[in-house]
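Worksheet: the structure to be examined is printed underneath.
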Amino acid sequence: DAGVIQSPRHEVTEMGQEVTLRCKPISGHDYLFWYRQTMMRGLELLIYFNNNVPIDDSGMPEDRFSAKMPNASFSTLKIQPSEPRDSAVYFCASSFSVNEQFFGPGTRLTVL
Amino acid sequence: RKEVEQDPGPFNVPEGATVAFNCTYSNSASQSFFWYRQDCRKEPKLLMSVYSSGNEDGRFTAQLNRASQYISLLIRDSKLSDSATYLCVVYRGSYIPTFGRGTSLIVHP
C-alpha cells in the first residue's frame, strides 16, 4: 500500500481564495482524521470520520472550514474564504479502529 | 489546565545518555495512550503504545501512571538518530485523540 496520500503537498494562495485539500486514506481503514499543525498551537484535531460519517467536528475553527468524505477512499478539507491565519501544515491520517494512526505527508498551506 | 501537556524542551543530551519525558493529561477517563515521533518537516509516526503495565521496545520504555495522570517515555543509550520531537497522544471519550505539543530532543556527539 502507498500509505496515506495527500495533495497538493504545497499550496500558496491569496487571502479570500478557496482552498481544497485532498486525502486518500489507506485501504481498509475505517477512521479518517484531519489535523492542523502550527508552531503556536501544535497538532490540532479538526474533524474525524468513521465509515465516511463525520463523528466529531468540534475542532473545526469556524464556518469557513468544511470537510467531506464521499466514499471510503477520498476526503476533502475546504477553506472558503481563506485567511492568512489559516497558514499551517494540514495532515490527514487514517486508522483501523483505536490503533496506530498513519499520517500522510501533509499539505503546507500559505495564505498571503 | 490544558488537556495534554508536555515540556517543549529542547532536551539536549550527549550520545549514550538516558533521557526521559513526561506527558500529563487532565481527563481521568482517558483510556488509550501512545507516543509518536515527528522528524523535522515530516509527518508524525507511531513510536509505541503505552500499556497499563508498562512496555519496552528495545531502548525505549513507556509507562502509565493513572493515579498521577501522566505517561512517560524513557530512552536509553541515546543515538544521534533519536533527535526528533516526541508527541504523546491521549484518547478521551469514544475515539477522540488529543496530541501534546511535543518535546524536542537533540542528541549531540
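Protein chains in written order, with my numbering: chain A, 1 to 112; chain B, 1001 to 1109.
Glycine included, every Cβ here is placed at the ideal spot set by N, Cα and C.
Nearest to residue i (by Cα), restricted to the options the options
i                  : options                                       : result
Asn71 of chain A   : A:Val19, A:Glu14 and A:Leu32                  : A:Leu32
Leu45 of chain A   : B:Leu1105, B:Val1004 and B:Thr1103            : B:Val1004
Gly106 of chain A  : B:Met1048, B:Asp1077, B:Ser1053 and B:Asp1039 : B:Asp1039
Thr110 of chain A  : A:Gly42, A:Phe74, A:Ala2 and A:Arg9           : A:Arg9
Thr1103 of chain B : B:Cys1023, B:Ala1017, B:Glu1015 and B:Gly1016 : B:Cys1023
Val1013 of chain B : B:Arg1101, B:Pro1097, B:Cys1088 and B:Ser1081 : B:Ser1081
Leu112 of chain A  : A:Val19, A:Ile55 and A:Cys23                  : A:Val19
Thr1061 of chain B : B:Ser1049, B:Ile1106 and B:Ser1026            : B:Ser1049
Met40 of chain A   : B:Pro1008, B:Asp1077, B:His1108 and B:Cys1088 : B:Pro1008
Lys68 of chain A   : A:Arg108, A:Gly28, A:Ser82 and A:Lys24        : A:Lys24
Ala1067 of chain B : B:Tyr1051, B:Ser1028, B:Asp1077 and B:Pro1010 : B:Ser1028
Ile79 of chain A   : A:Phe91, A:Cys92 and A:Glu62                  : A:Glu62
Gly42 of chain A   : B:Leu1105, B:Phe1011, B:Thr1098 and B:Pro1109 : B:Thr1098
Ser73 of chain A   : A:Val98, A:Phe96, A:Ser27 and A:Pro54         : A:Ser27
Asn99 of chain A   : B:Gln1063, B:Leu1046, B:Ala1020 and B:Ser1083 : B:Leu1046
Val1089 of chain B : B:Glu1015, B:Leu1073 and B:Gly1016            : B:Leu1073
Trp34 of chain A   : A:Pro54, A:Met15, A:Arg85 and A:Ser97         : A:Pro54
Whole-Å CB distance - residue i paired with residue j, under 8 angstroms assumed
i                  : j                  : result
Arg1041 of chain B : Tyr1086 of chain B : Going by Cβ atoms, the distance from Arg1041 of chain B to Tyr1086 of chain B rounds to 16 angstroms, so no, they are not a contact pair.
7 angstroms Cβ cutoff met for residue i and residue j
i                  : j                  : result
Phe103 of chain A  : Pro1044 of chain B : yes
Phe1033 of chain B : Ile1071 of chain B : yes
Ser75 of chain A   : Val4 of chain A    : no
Ala88 of chain A   : Thr13 of chain A   : no
Gly1100 of chain B : Gln1006 of chain B : yes
Tyr90 of chain A   : Arg36 of chain A   : yes
Continuous beta strand (DSSP E) stretch holding residue i: start and end
i                  : result
Tyr1025 of chain B : Val1019 to Tyr1025
Asn1065 of chain B : Phe1060 to Asn1065
Arg22 of chain A   : Val19 to Lys24
Pro70 of chain A   : Phe65 to Asn71
Local conformation of residue i per DSSP, three classes
i                  : result
Leu112 of chain A  : coil
Arg1092 of chain B : strand
Pro1008 of chain B : coil
Pro1109 of chain B : coil
Asp1039 of chain B : coil
Arg151 of chain A  : Any question about residue 151 of chain A goes unanswered here, given that chain A covers just 1 to 112.
Ser1081 of chain B : helix
Pro61 of chain A   : coil
Asn99 of chain A   : coil
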